[in-house]
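1 is the number of the first residue of the sequence shown in full-length UniProt numbering; add one for each residue after it. By construction, the Cβ of each residue, glycine as well, lies at the ideal position given by its N, Cα and C atoms. Everything below concerns the one structure shown next.
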Amino acid sequence: MTRRSARSGSGIAACLAVITALLPLTTLLLPSWLLPASASVLAITVLGALRRRFHAAWALVAQLLALVVITWWAFSPHVLIGGLLPSGAGWQLLDVLGAAGDELITGIAPMEVGEPLAFVLIVAAALIAIFVDQVAVALRMPIVAMLPLVCVFIAPQLAVPRGHHLLFAIPFVLALLALVALSGSAERQAERDRTGAGAATVVIAVLVSVVAVVVAPMVPVLPSADSGILAKGSSVNVSINLGNDLRTASTDEVLRVRTEQIGAPYLRLATNTLFDEDGWHIDGGPSGPLEEGFAEVSPSGLVGEIESEQARTWVSDVELDAEYLPVPANAVEVRGAGPGWLAMRDSRTVRSASGSSRGARYEATAVTLSPSREQLEASPWVSSSQSATAELPGASLRVEGSVFNGAIGDAAREVTADDHTPYEAALSLQSWLRGPDFEYSLETPVEEGFDGSDAEATEQFLVTREGYCVHFASTFALMARSVGIPTRIAIGYLPGTTTNDRVGDLPVYSVTADRLHAWPEVYLVGIGWVPFEPTPSIAQAQSVVAPSGSAGVGAEEPEVERTEAPRAEETATPTPTPTATASPSSGSDRSSAVALAARIVQILGIALAAALVLTAAALARLTLGRVRLRAAARGDVAAAWREARAIAIDAGLPLAPSESPRAIGSVLIAAGADADATRALTAAVEEASFSAAPADPGDLSAPLRAVARGLRPDGAGARVRRALLPRSLWTQR
């Protein structure tokens, strides 16, 4: 391998290493930025390689100039295309950086990437590419170049843990191995051959990669005071995709609640309003410091004055590792949570700008509205109320045409055909989904392949009629929108169960991890957001008010048999089992089996990824050897000699690039290779190299195999080491 080809190979490896290190960021940031960022990395790499062909010292200068152009283009592409310098009014870099920081602070993963953040990502990718190219390719120090790449790779996992990113890890680790294998001068490679440092370098690269991919995500960012360094508390993905959280949830307590309300409240973490072809998206919107509180809950008065009452709720002993605080609906004030929390104005939820909910203690004041049945039925359709249309987020009514005109819309119109008001239609949808035709199941969506919340999954749910809270809530919300009712989906926790503890006159409720839940909310004009509960068997139907009653929104449905959620010690699955005949023990067995199976799959996945990484070099060397052996059998002298040299290098023999075939043959024979076979190979090489009319050498595979047998190590351990770390793959020849 020539020095120029080696440099080209290491440059390509550096480019791939940077791009694969960026891939996990797409789990937090939607990948609209990835293509231009990858293009900037490729441009930096190509420019550096071209400049090195003529003058190596100018490569860095050329790359820095390219960085200026990339920054210019990323900041103001339309100006660059016009061929003009950015104007003074447009060139406000600090404002752009500040806006990018605001996106990261207030955004919710997975988040859309705005122009300021895209600019930062593209320029940062170019800077990393320059560093890696200069350190790994120019200075030939690949291990040093790996360090920032590993940091970039694991950063998303530490920020928002979402599995082990094994699909991203395999190409990343292979790119790192290629970077190590192809970086280095001929002299340094020869020194590695003699000392075994090359193998040690690869071992270090593999260990660093495995630690980055497997171990680092297991370390908590904020360990609690009473836990070990590898301990990890209850965490939750607040997006609507709760399937994995529900199937692996435990009965461990995540928080305690006491309240002035009548009974324990639902606690909301986040809301989802926007629905598109990808499913539901967590609400963002305007926010401000939590200390400033929320706006007052003020119904418009369109249906008359609504009875309301303020009540305080205290939350403590929070073991939940999330960037949201669980709060009751219609929160107006949250006190004692500490600095760094944001009040999300539209959804009345609380999220963190920098921290975790673990260990939080706070007091939330919320308003409970108690409209009468007559007021609920007096709420008009949104389409007939201009004031409601103005105050509603547009996304709460948005529904795809395929949903409106498809099975979901048809079912909604059939179920609500006899209803005259939005409230009546919402009750009909709730009653229909809670009816005997539907069953609660965590396993069916996985088995049938619709474990999601998009339109396709919802349509499949309407066919199988088995699913869990996400499917019931999503179906309710989309069906309601199809008949003109604004909806959104809340993510949070079902009411806790009573304990034997009291604080003053207030009972203390315990909320466990398996109470995680999703439920829909309907916007009723003149009243506001009203919760409903279409999921059967886990909680009471909501917002069922008798015509003459004054029960508040969220009142229980009288005819439902179960009047409260089971106690923590009785709860075996993330929610009670859907059939009345199933026992708690059977639910516990199923939940334990699912958790065990998930853990086994996780371990097998990690083991498979590690095996692929550790055997990648061996598989590559084996494939290359087979190709050369077949060529040698056809009389290809060059292929046979390349394989003979590779066998010698794998055996650790010191071969100088300038040595003659006869000198190399002497080294092989001295090391134990079959003398006759070695002489046959060297004679064939000399004949092909120096004879004016070389004779056909015939089949050279037999002497090649004989040489390999003679240089084979005696011990099994040595054979394994040589197979896993074939030096010939990364040695200059």
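Span separating the alpha-carbon of residue i from that of residue j
i	j	result
ARG351	LEU342	5 Å
VAL46	GLU521	54 Å
VAL257	VAL545	26 Å
ALA708	ALA644	8 Å
ARG515	GLY492	8 Å
VAL685	VAL41	43 Å
GLU292	VAL334	9 Å
ARG268	ASP317	17 Å
TRP536	LEU67	This sequence places Pro at residue 536; Trp is not what is there. One C-alpha to the other measures close to 58 Å.
CYS151	ALA39	21 Å
ASP451	ALA473	13 Å
TYR523	VAL123	43 Å
SER300	LEU442	40 Å
PHE294	THR259	19 Å
MET146	THR27	22 Å
GLY355	ALA118	24 Å
LEU369	ALA329	10 Å
TYR302	LEU429	What sits at residue 302 in the sequence shown is Leu, not Tyr. Cα to Cα, LEU302 sits roughly 24 Å from LEU429.
GLY504	VAL367	22 Å
PRO116	GLY9	34 Å
For residue i, three-class secondary structure by DSSP
i	result
MET141	coil
SER384	helix
ASN500	strand
GLN460	helix
PRO661	helix
ASP321	strand
ARG722	helix
ALA490	strand
ALA716	helix
ALA673	coil
ALA125	helix
ARG256	strand
GLU112	coil
VAL303	coil
GLY48	helix
Buried or exposed (CB count within 10 angstroms, at least 16 for buried), residue i
i	result
GLU253	buried
LEU384	Here residue 384 turns out to be Ser, not Leu, going by the sequence shown. Per the 10 Å Cβ criterion, exposed.
PHE690	exposed
VAL627	exposed
ASP226	Note on ASP226: pLDDT 34, under 50, position unreliable in the model; the coordinate value appears next. Answer is exposed; the Cβ neighbour count stays below 16.
SER728	buried
ILE485	buried
ARG634	exposed
ALA13	buried
PRO654	exposed
THR623	exposed
Endpoints, the beta strand (DSSP E) within which residue i is located
i	result
GLY279	279 to 282
PHE275	267 to 276
VAL315	307 to 316
GLY528	528 to 531
VAL332	331 to 335
SER352	349 to 352
SER379	Per DSSP, SER379 belongs to no beta strand (DSSP E) and is neither H nor E.
Reference residue i; option with closest CA among the options
i	options	result
ALA671	ASP278, PRO713, THR313	PRO713
VAL446	ASP454, GLY467, LEU427	GLY467
THR497	ARG345, ALA539, PRO156, ALA100	ALA539
MET141	LEU104, ALA181, MET111	ALA181
TRP432	GLU414, ALA329, GLU448	GLU414
VAL382	LEU290, ALA480, ALA702	ALA480
LEU320	SER372, ARG361, LEU653, TRP641	ARG361
VAL483	ARG621, GLU424, ASP95, PRO661	GLU424
THR475	ALA513, GLY114, LEU167, PHE532	PHE532
VAL327	PRO726, LEU246, PRO534, SER357	SER357
ILE282	LEU127, SER396, LEU624, THR251	SER396
GLY394	PHE275, SER453, ILE128	PHE275
LEU494	LEU23, HIS517, ALA126	HIS517
ALA37	ALA129, MET111, SER10, ALA100	ALA129
GLY304	ASP245, GLN375, ALA169	GLN375
Residue range of the alpha helix (DSSP H) that includes residue i
i	result
HIS471	469 to 482
ILE649	637 to 650
residue 736	The question about residue 736 has no answer, for the chain in this structure spans 1 to 733.
VAL545	It is not in any alpha helix (DSSP H) - VAL545 carries neither H nor E in the DSSP assignment.
residue 737	Nothing can be reported for residue 737: it is not among the residues displayed for the chain, which extend from 1 to 733.
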